[in-house]
Amino acid sequence: MILDSQLIIVAALPAFNEEATIGGIVLKALRYVDKVIVVDDGSSDETSKVASLAGALVKRHERNKGYGAALKTCFETARKIQADGMVILDADGQHDPDEIPIVLAPILSGEADVVIGSRFIFKNQVEIPIYRKIGIKILNLIMWVLGLEVLDCQSGFRAYIRQAINTIDPKESGMGASCEILLQAHKNGLRILEVPIKCSYNVASSTKNPLSHGLSLLLSLLKLSIRRQ
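For what it's worth, numbering that gives the first Met the number 0 labels the leading residue of the sequence shown as 0, then goes sequentially.
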């Protein structure tokens with residue numbers, strides 16, 4: 000293992016119908032970690048088969064349960080194999096596996112317990128669609144009201160130390176789990192740090208409607224805020 004031979008470091012990829020990209024991402028990620036976990040969230044294509052052939056440990060949901068449910072399985076699997084650190088990234092090619100060492104570095108140095116790969120630290124580094132920028136700013140503001148100030152609460156490129164892996168347990172089944180995880184980490188006293196990453200939007204278009212997706216996230220945050228009261 001390149002980063003630290005004394006630790007068990009895993010990468011985890013929540014995936015849904017990503018047969019076109021998953022194999023290459025798994026192979027690249029294996030350059031930097033001991034094991035790659037792919038959580039196939041009920042894909043109807045060959046995502047599981049391609050990931051397995053590339054060398055991943057595949058956990059498959061029999062039906063599509065949602066991004067949050069896939070993240071929950073990522074954490075559960077990392078706990079079972081007693082991982083010392085875990086990096087999670089998207090399976091659609093938006094994140095560059097070659098940046099795994101950048102996201103993991105603060106974990107391995109003891110500087111942080113949770114690391115967010117942020118698209119907003121260097122503003123000229125990532126061309127983000129305007130609707131995403133507006134939506135993320137609104138969500139960041141809500142997170143600030145809930146007690147946590149971050150620049151990119153919706154980034155899917157993150158790293159977690161063992162203590163975070165063992166204590167974080169998302170309940171949200173949808174995209175709201177990204178915010179829920181950060182709020183759980185903050186509540187548990189874990190140190191959260193952001194590092195700059197690149198992000199490519201030159202990948203296949205999402206099937207999610209931006210408006211309905213944003214409303215779903217807002218409703219999830221509303222539920223989280225009610226739970227915290």
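Positions of the beta carbon are idealized from the N, C-alpha and C atoms, including for glycine.
Under the 8 Å Cβ criterion, the region 159–167 does not count as touching the region 133–144, having fewer than three qualifying pairs.
Taking a contact to require three or more Cβ pairs closer than 8 Å, the region 107–117 and the region 39–46 do not qualify as touching. Per DSSP, Leu56 lies in no alpha helix (DSSP H) segment; the continuous beta strand (DSSP E) that holds it begins and ends at 56–60. Between Gly84 and Thr20, the CB-CB gap reaches or exceeds 8 Å.
By the beta-carbon neighbour count (other beta carbons within 10 angstroms, threshold 16), Glu148 is exposed. Three or more beta-carbon pairs separated by less than 8 Å link the region 88–103 to the region 6–15, which places the two stretches in contact. Under DSSP, Tyr159 takes part in a beta bridge, and its partners are Met85, Val113. DSSP places Val9 in the uninterrupted beta strand (DSSP E) bounded by 8–14. Ile24 is positioned such that its CB atom lies no closer than 8 Å to that of Cys73. For Lys34, the pairing in a beta bridge is given by DSSP as Val9. For Leu29, the secondary structure class from DSSP, reduced to helix, strand or coil, is coil. Rounded to whole angstroms, the separation of the alpha carbons of Lys64 and Met174 is 11 Å. Val149 sits in coil when the DSSP states are folded into three classes, being neither helix nor strand.
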